[in-house]
Amino acid sequence: MSAFLLRPMALGESFTILSIAFMLVALVCFFINNQTILLNTVSIRNLAIGIYTIFIWIYLVIQSICFGANKPHYLFSALVTFTSVMLVYSLILSDRDINLKFFVFIRTVIIFFILSYFTTLIVSFIIPLDHMHLFDIKTSSTVDYSDKWGGVYFPLTPAYGITKILGMPFFRSPGPFREAGIFQAFIVWAYFSIRGSGKREFCLRTVLILGLFASYSTAGIVIFGLTSTVSILFNISSAVKLKVIFKEILAILMVISSLLFIFLYMPIFGLIDKLGKAQASVSDRVEATYNGLLLLVNNPLGIGYFNSNDPRIGVNFISATGLIGIPGLILFLFLVILSIFLLHNKKQRKQYVILMMPFFLTALFSQPFIDAPFVYVMLLQSINGDS
């Protein structure tokens, strides 16, 4: 429960304190059932990642204070949140069985929201969308509610950017997250977390591909393609296996590319203009990235996290380097290296890189993940090379 009350979840904007309360209850239950924590490879790695992440945030707080701390309450709130989240989750997820069940559950929830989206979309052809409205989720980041969020609809579908095409309602699927651009990273992760090639696995992958399309995220398509390429390169040792993987990915990319072209650019649909004005969004991100890099050049030590008067600075990690400075950049780079090299063997490292690529790429170019605790929880996945 606590996981869905953390940023970048939609409810994480307002209910982080409640999430911490749930975490503490879960931790007490964990200690009751586990009198001692076995120092296995999972717990050692998870504790190292958790403690190091807390160290990063201690540095960010000190750095920001040294440069004036425009929003000290944001800083200390983030420090308390990250300390609680990383300590509790690194301890609880040190249990291999709990670790596996937790991340399988996250994948299941992602699939549920995708199925809910298409259920809502199909039913809306018969029943007006307004009649399926259940409730609204208003968060601190929701400025113009009618512009992006249209509420939650039956059965449990958050609608993001509602518009009408040929008289029928269409909308992006953000899943349980704040934005559809965040949902796509978790969809790609879920796709590559599925092992095996049976009918069940094929059905799950198909649902996830449809979900990626439902997010209407061009970044998601690019990230999926790049992650697929890395997956192919990591599995290139087997020619037969490579051939199968290549055919599967090529077919998927062709279908997705065709559908996206039709729905994004064909005049009859025109979603590129109707669902979020993507060109303006890209322009804003490019400008914010440029301004962030310019800020870094002029201030190599950064100006402190949350200290910028420009709300666009920090829209992605590259832009945020102007806030955290070169020392902060090095600290985060080492976090990535640490999370990879604390794994047991080369096979596990390859699988982990594939699974985490959607988050690394999304953070780097697209979303402000630095202060999103749940993304750091994804670093704690137990990788055994097979499942």
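Numbers in the numbering used here are just positions in the sequence shown, counted from 1, shifted up by 652. We treat Cβ as the ideally placed atom computed from N, Cα and C, and that holds for glycine.
Query	Result
CA nearest to the CA of Ile846, picked from Leu856, Thr973 and Ile701	Leu856
Closest Cα partner of Leu767 within the set Pro828, Phe1012 and Pro724	Pro828
Alpha-carbon spacing of Thr809 relative to Ser991, whole angstroms	34 Å
Through-space distance from Met784 to Thr870, alpha-carbon basis	28 Å
Bridge-paired residues (DSSP) for Val804	Phe787 and Pro810
Straight-line gap, Ala730 to Asn722 (C-alpha atoms, nearest Å)	14 Å
Met661, DSSP secondary structure in three states	strand
Element boundaries [alpha helix (DSSP H), containing Ala1015]	Lys998 to Phe1017
DSSP-derived helix/strand/coil call for Phe1026	helix
First through last residue of the alpha helix (DSSP H) which encompasses Gly863	Lys851 to Ala866
Ser867 vs Pro826 beta-carbon contact at 9 Å	yes
Reduced DSSP category for Lys929 - H, G, I as helix; E, B as strand; rest coil	Per-residue confidence for Lys929 stands at a pLDDT of 49, beneath the threshold of 50, marking its modelled position as unreliable; the derived number appears in the next sentence. DSSP places Lys929 in coil when its eight states are reduced to three.
Inter-residue CB distance, Ile873 and Pro1010 (contact presumed, cutoff 8 Å)	The pair is not a contact, with the Cβ atoms about 12 Å apart (cut-off 8 Å).
One or two residues paired with Arg824 in a DSSP bridge	Tyr812
Beta-carbon proximity check, Leu786 vs Ile814, cutoff 9 Å	no
Under the three-state DSSP convention, the category Phe667 falls into	coil
Which listed residue (Asn997, Asp1023, Val938 and Val1029) has its alpha carbon closest to that of Met1008	Val1029
Delimiting residues of the alpha helix (DSSP H) encompassing Lys1042	Lying before the first or after the last residue shown, residue 1042 is absent from the chain, which here runs from 653 to 1039.
Minimum Cβ-Cβ distance from Met1008 to chain B less than 9 Å	The chain labelled as chain B is not found in the depicted structure, where only one protein chain is given.
Nonlocal neighbours in the same chain, by C-beta distance under 8 Å from Tyr1004, ignoring five residues either side	Ser991, Ile992, Leu995, Gln1033 and Ile1035
Within 9 Å, strictly: CB atoms of Phe674 and Ser654	yes
Between the CA atoms of Leu945 and Ser776 - distance to the nearest angstrom	45 Å
According to DSSP, residues forming a beta bridge with Phe829	Met661
Burial state of Ile710, where buried means 16 or more other Cβ atoms lie within 10 Å	exposed
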